[in-house]
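Enquirer: Per our numbering, residue 255 is the first one in the sequence shown, and the count goes up by one each step.
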Amino acid sequence: MLMPTAGRLPGSGRTADVHEFCEARVLRRDREGGADAVAEAAVTAHVRTHGCPAPAVRPPVSRADLVRERLDGPTTLQAFTAGTLEAGERELIAPAAESVRSSTV
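1. How is residue 336 classed by DSSP in three states: helix, strand or coil?
2. Between residue 309 and the rest of its own chain, which residues show a CB-CB distance below 7 angstroms, the 5 nearest in sequence each way excluded?
3. Under 9 angstroms, do residue 294 and residue 320 count as touching if we go by C-beta distance?
4. If you draw a straight line from the C-alpha of residue 306 to the C-alpha of residue 270, how long is it?
5. Judging by CA-CA distance, which residue of 268, 288, 280 and 274 is the nearest neighbour of residue 317?
6. Can you grab the Cα-Cα spacing for the pair residue 346 / residue 336, in whole Å?
7. Beta carbon of residue 362, beta carbon of residue 328: below 9 angstroms?
Structural data, given as structure tokens:
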């Protein structure tokens with residue numbers, strides 16, 4: 255199984271780094287070993303099918319690496335906190351956003 259090759263590092267979060275993969279995609283690589291890219295890909299695909307703005311994802315080749323569509327703009331959590339998501343989007347992600355916010359306080 256070939257592992258994705260990481261390019262330049264334009265972003266970093268609590269547990270993962272985001273590397274350039276190609277012009278249209280990025281590689282989200284877990285630093286701590288606790289990620290489940292397969293589950294994350296499934297959730298991302300699910301919310302996309304319900305009309306939430308979420309990046310397209312490729313099937314993961316490891317638990318730590320997820321290749322996804324490159325999107326510019328605020329993170330979902332930033333948009334949620336700023337109140338710029340539509341009502342249906344807020345309801346769909348509210349439990350996850352609250353969980354992330356609670357774990358960072």
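Where is the CB? At the ideal position from N, CA and C, for every residue including glycine.
Expert: Put simply:
1. Residue 336 falls in the helix class under three-state DSSP.
2. The residues 298, 322, 323 and 325, in chain order, have a CB closer than 7 angstroms to that of residue 309 in the same chain once the five nearest residues on each side in sequence are set aside.
3. Yes, Cβ-Cβ distance for residue 294 and residue 320 is below 9 angstroms.
4. Those two C-alpha atoms are separated by around 22 angstroms.
5. The option with the nearest alpha carbon to residue 317 is 288.
6. Roughly 16 angstroms between the two C-alpha positions.
7. What the structure shows of the chain is the stretch from 255 to 359, and residue 362 is not part of that stretch, so it cannot be assessed.
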